[in-house]
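0 is the number of the first residue of the sequence shown in numbering that gives the first Met the number 0; add one for each residue after it.
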Amino acid sequence: MIGRLNHVAIAVPDLAAAAAQYRDMLGARVGPARDEPEHGVTVVFVDLPNTKVELLHPLGATSPIRGFLEKNPGGGIHHLCFEVEDIRAARDRLLAAGARVLGGGEPKIGAHGKPVLFLHPKDFAGTLIEIEQV
Ligand code: CO
0 MIGRLNHVAI
10 AVPDLAAAAA
20 QYRDMLGARV
30 GPARDEPEHG
40 VTVVFVDLPN
50 TKVELLHPLG
60 ATSPIRGFLE
70 KNPGGGIHHL
80 CFEVEDIRAA
90 RDRLLAAGAR
100 VLGGGEPKIG
110 AHGKPVLFLH
120 PKDFAGTLIE
130 IEQV
């Protein structure tokens, strides 16, 4: 059911420092910082040949990654995003298998303008999973 790894999201305490590290130390193609107020994050996209890394920093008091950074002050992997062809079919299959879909189960438009859902990390070995319809 899942296809490509769309991105790995990493929450970082210092977005400029993390972006510089990926650009200068790792030699990656790093885009500009972009505020995404509706998701409560500022994002820097790192383009790799086979996937992306998204560096996330909290934006606003109610940012969903603020708590994560409080628990992981040095930053850490926040979620993995897998592509699916049909997000509602994927959701129904996951629910039938007993997985917990966060946020009421209705897909929301994610950071790339495509419908996404998040799955409970406790159901996936401690890893928050995002699925995105492509
Ligand atoms: Co994501």
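We put the CB at the ideal spot given by N, CA and C, even for glycine.
With which residues is residue 57 paired in a DSSP beta bridge? As computed with DSSP, residue 57 is found in a beta bridge with 40.
Just checking, does the region 0–15 make contact with the region 69–86 on the three C-beta pairs under 8 angstroms criterion? Counting Cβ pairs under 8 angstroms, three or more are found: they touch.
Between which two residues does the beta strand (DSSP E) harbouring residue 9 extend? For residue 9, the enclosing beta strand (DSSP E) stretches over residues 4–10.
Can you give me the C-alpha to C-alpha distance between residue 134 and residue 112, rounded to a whole angstrom? The first residue shown for the chain is 0 and the last is 133, placing residue 134 beyond what the model contains.
Which stretch, first to last residue, makes up the beta strand (DSSP E) that contains residue 34? Judged by DSSP secondary structure, residue 34 falls within the beta strand (DSSP E) whose first and last residues are 33–35.
First through last residue of the alpha helix (DSSP H) which encompasses residue 66: According to the DSSP assignment, residue 66 belongs to the alpha helix (DSSP H) that extends over 65–70.
Continuous beta strand (DSSP E) stretch holding residue 128: start and end: Looking at the DSSP string, the run of the beta strand (DSSP E) that includes residue 128 is 127–132.
Are there any heavy atoms of the ligand CO lying less than 7 angstroms away from the beta-carbon of residue 56, as far as the coordinates show? No; taking the cut-off as 7 angstroms, the Cβ of residue 56 has no heavy atom of the ligand CO nearer than that.
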